[in-house]
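4 is the number of the first residue of the sequence shown in the working numbering; add one for each residue after it.
Don't be surprised by glycine CBs; every beta carbon is placed ideally from N, CA and C.
None of the values given here were measured: they were computed from a predicted structure.
Down below is the structure, laid out as structure tokens.
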Amino acid sequence: AAAAAAAREAEDARHTLTAVRAEAEASERRWRTELERCTRAEAALQDERTRGAADVRTFRDAAAAANERERVARRAAEDARAELAALRPKLIVTQAELRRLALRSSNGAVSIGIPQQQLQSQSQSHSQPHSHSQPQPQPQPQPQSQPHAPIPPQSSAAE
Numbered sequence: 004a005a006a007a008a009a010a011r012e013a014e015d016a017r018h019t020l021t022a023v024r025a026e027a028e029a030s031e032r033r034w035r036t037e038l039e040r041c042t043r044a045e046a047a048l049q050d051e052r053t054r055g056a057a058d059v060r061t062f063r064d065a066a067a068a069a070n071e072r073e074r075v076a077r078r079a080a081e082d083a084r085a086e087l088a089a090l091r092p093k094l095i096v097t098q099a100e101l102r103r104l105a106l107r108s109s110n111g112a113v114s115i116g117i118p119q120q121q122l123q124s125q126s127q128s129h130s131q132p133h134s135h136s137q138p139q140p141q142p143q144p145q146p147q148s149q150p151h152a153p154i155p156p157q158s159s160a161a162e
């Protein structure tokens, strides 16, 4: 009877051991599955970090390039303003100078592209004070010995 009880006890222990072993294997499979899932999640997170870092670098590079373009554009604008300021004295030709040059020329108004009537009316309006008196006749230009005298070039202070 003692041997039979020991045999039953051994058989129960074997069944318990088999059940515990099966449970341990199932637990290990779940653990490995969870480990693989965590590993994939970690890899995805690392990929996302890498992409984020690349995006940050790209953004910083783009911002730096935009700042450089803005700096170059500002410098070009400053240079253009300085160049314009240097050229302005050469470019300023008053209406009085145009009229004087036109009157010196025998074909005056046509040679500079301003109708003679406009020149006369402008010179009258500029030579007379604003009043309601009768307009005085304007003297006609006298032909000179050199009808198309060359205009001397202006010297440049910047050169």
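DSSP-derived helix/strand/coil call for S30
Taking the sequence shown and counting its residues from 1, one reaches residue 30 at position 27. Helix, per DSSP.
According to DSSP, simplified to helix, strand and coil, what is A4?
As a working note, residue 4 is residue 1 in the sequence shown. Coil, per DSSP.
Tell me whether A105 is buried or exposed, calling it buried when 16 or more other Cβ atoms sit within 10 Å of its Cβ.
Here residue 105 refers to the residue found at position 102 when the sequence shown is read from its first residue. Answer is buried; the Cβ neighbour count reaches 16.
C-alpha gap between S108 and E86, whole angstroms:
Position 105 of the sequence shown, counted from the start, is the residue given in the question as residue 108. Position 83 of the sequence shown, counted from the start, is the residue given in the question as residue 86. Cα-Cα distance, rounded: 32 Å.
My output table needs one value for H129: the three-state DSSP class, helix, strand or coil.
Counted from its first residue, the sequence shown places residue 129 at position 126. Residue confidence is low: H129 scores 48 on pLDDT, short of 50, so the model does not pin down where it sits. No coordinate-derived value is stated.
Helix, strand or coil for Q139 per DSSP?
In the sequence shown, residue 139 corresponds to position 136, counting from 1. Annotation note: pLDDT 48 at Q139 (below 50); position unreliable, coordinate value reported separately. DSSP places Q139 in coil when its eight states are reduced to three.
Rounded straight-line distance, which links the Cα of A69 to that of R60
Your numbering for residue 60 matches position 57 in the sequence shown. Your numbering for residue 69 matches position 66 in the sequence shown. Their backbone Cα atoms lie some 14 Å apart in a straight line.
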